[in-house]
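Numbering (my numbering), first residue to last: 30 to 330. Quick reminder that beta carbons are idealized off the backbone N, C-alpha and C, glycines included.
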DNA sequence: CAGGCTTCCTGCGCGC
DNA sequence: TGCGCGCAGGAAGCCT
């Protein structure tokens, strides 16, 4: 559920609290939340305890905190993950899986709670490797240090997201033209373009008037560019609504966050009129999940 | 080898 | 009322 805009709101929200902070304590309440942690590196807690966080970086839906050890704490929210900042001593949140006690030189002590109902999300300490192109690995709000050209090993196969300044539109369009699959599958393939999930895929396809099963390779270069522009526009709008103000971000990391549902045109709106032509929107099963579309505006060609 | 299906998970809402 | 089923979907891993 959390897609690029939601993860970016989390990243921006935690950045001031974690950058420069030392991890003073680690409590793991649910081992399954460490599924993506490689035990061969050492115990999760020991790899964090006493070490300093250098930044908060995001690529697509992956978030990571580079550490002074040369490694990083990788966070993925999965379906239901949340990162919440709390005052020390606060009652445990429901479905609290992992808690980090942070000691920040300016802001003092703060708890970073990783909450996750469905346990599809995870935290892991990971090694870092240089990016293939030598460019910054992802987005962060600060000037890059040595960490900026490094990417966690388990994120290395994830493509740059369409809001990344180093995203290559021409490479993406060329990859689309080679794909022997439907356009929605391609949009959801994080190795082609990252950050898009089921909700914004449906929204972008509606904006570009494309059916989810339209073969990716059948799109004209012009149509593919229209789709990419729609993706960027939808992600940017959601991002803007997610809070350009610090207050909005703070609310978010305090759990008041919501979805940007007020801006959705088709997702979850089956039976309601299409915003363009008035035809009732439909929901169809596809890829073991639901696709929302206007049967008139989005015809398979 | 790439495409696509299965599995992992829990809380909620609905129908019987 | 209470039970049980379906549904929500990100991504690794496995199968074809």
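- Remark: C-beta atoms of residue 73 and residue 153 approach each other more closely than 9 angstroms.
- Assigned with DSSP and collapsed to three states, residue 183 falls in helix.
- Between the segment 296 to 310 and the segment 258 to 274, the count of Cβ pairs shorter than 8 angstroms is below three; the stretches do not touch.
- When the five nearest sequence neighbours on each side are left out, the beta carbons in the same chain lying within less than 8 angstroms of the beta carbon of residue 55 are those of 73, 74, 77, 78, 127, 128, 129 and 130, in order along the chain.
- In its chain, beyond the 5 residues on either side, 90, 224, 225, 226, 228 and 229 have a beta carbon closer than 7 angstroms to the beta carbon of residue 32.
- Contact between the segment 87 to 103 and the segment 185 to 192 is present, with at least three C-beta pairs closer than 8 angstroms.
- Residues 51, 52, 96, 97 and 98 of the same chain have their beta carbon placed closer than 8 angstroms to that of residue 80, with the five preceding and five following residues left out of the count.
- Exposure of residue 306 is indicated by the presence of fewer than 16 other C-beta atoms within 10 angstroms of its C-beta.
- In this structure, the beta-carbon distance from residue 145 to residue 59 falls below 9 angstroms.
- Around residue 221, the same chain offers 188, 201, 204, 205, 208 and 215 as residues with beta carbons nearer than 8 angstroms, after the five sequence neighbours per side are excluded.
- Membership of residue 247 in any alpha helix (DSSP H) is not indicated, and neither H nor E is assigned to it by DSSP.
- Looking at 198, 263, 321 and 157, the one whose alpha-carbon comes closest to that of residue 250 is 198.
- The C-beta distance from residue 304 to residue 294 rounds to 5 angstroms, short enough to fall under 8 angstroms.
- Apart from the 5 residues on each side of it in sequence, residue 241 sits with its Cβ closer than 7 angstroms to the Cβ of 211, 212, 213, 234, 315, 320 and 322 in its chain, given in chain order.
- In the three-state scheme derived from DSSP, where H, G and I count as helix and E and B as strand, residue 224 is classed as coil.
- The segment 143 to 186 is shown to contain no whole alpha helix (DSSP H) run of 4 or more residues.
- In the three-state DSSP reduction, residue 53 falls in the strand class (E or B).
- Taking each of 133, 266 and 124 in turn and checking the Cα distance to residue 142, the smallest one comes out for 124.
- Restricting attention to 102, 100, 68 and 112, the CA atom closest to the CA of residue 38 is found in 112.
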